[in-house]
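For reference, the structure discussed in these notes is given below.
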Amino acid sequence: MRVRDIMTTDPIRVTADTLLKEAARLMVRHHVSGLPVVTEEGDLVGIVTEGDFLRQEASRDRPYGASLLDALFGDGGSVRAPSAETVGEVMARELVTITPDATIGEAARVMAQRSVKRLPVVTDADVLVGIISRADVVNAFTKPDDVIEDEVREDIVRRLLFLDPGDVDVDVEDGVVTLRGELEHRTEVQLLEELTRRIAGVVRVVSELRFRVDDRKIDRHYPLS
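When the sequence shown is numbered by numbering that gives the first Met the number 0, its final residue is 224 and no position is left out of the sequence of numbers.
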């Protein structure tokens, strides 16, 4: 399973010119703790988090560049810290990102190693296409086996591919799905395997499926006019 299969594909986003108050309202309204910052073209340039707001508020009444003792016992002549107004003034610019084709395991390792709660998902050109959070990763690995099995049988085999559920044996153990049986066409086998991999909670697909006709090798001859 890949990042693209479980990421939020239309995350709430802001620009560097967005007012901090507006960014804060968006976080509260949408129950998120961080917002990607993008250009008008959609290129990712930063991220603003709850921590940025906390640091901004903590430094509001502190003399700029002064230690705590200086602030308490100094002569009062220090310059006050400037108050930031826009996202661009406080956002983090050194970003940890991931691509849509990365595996869920890779995303989990990056989050753990870099101690981040969310990862912006970007293309090779740094265009934001989604965001993945720790909760997304956890949820992907906690879906019960019987629920996964039902999704394979009902949602994919019967509803999407219009196959007879009796032709496919589905076994799920700890998120590993084993598929057995014989289908008419090779493309049906490939579609079933790929769609099963995309189910949230599937760790791996073991395919023992067979096919009777390799429809990918059928020659197609078109008459010349």
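In this text, a Cβ means the ideal position worked out from N, Cα and C, and glycines have one as well.
These numbers come from a predicted model, not from an experiment.
Taking the alpha carbon of V47 as the point to measure from, which residue in A107, V115, E207 and R157 has its own alpha carbon closest? V115
If I follow the unbroken alpha helix (DSSP H) through T186, where does it start and stop? R185 to R196
Under 9 Å, do T85 and T17 count as touching if we go by C-beta distance? yes
Three-state secondary structure assigned by DSSP to F140: coil
Which word fits V136, buried or exposed, when buried means at least 16 other C-beta atoms lie within 10 angstroms of its C-beta? buried
Does G200 pass the burial test, meaning 16 or more other C-beta atoms within 10 Å, or should it be called exposed? Buried, because 16 or more other Cβ atoms sit within 10 Å of the Cβ of G200.
Rounded C-beta distance between V126 and G41? I'm assuming under 8 Å. 5 Å
Between the C-alpha atoms of L191 and I147, what's the straight-line distance to the nearest angstrom? 14 Å
Beta-bridge partners of V212, as assigned by DSSP: H184
So what does T102 bridge to, in DSSP terms? R1
Using 10 angstroms around the beta-carbon of D51, count the other beta-carbons present and answer buried if the total reaches 16, otherwise exposed. buried
Going by other Cβ atoms of all chains shown within 10 Å of its Cβ, with 16 needed for buried, is R203 buried or exposed? exposed
Straight-line Cα distance separating L162 from E183: 10 Å
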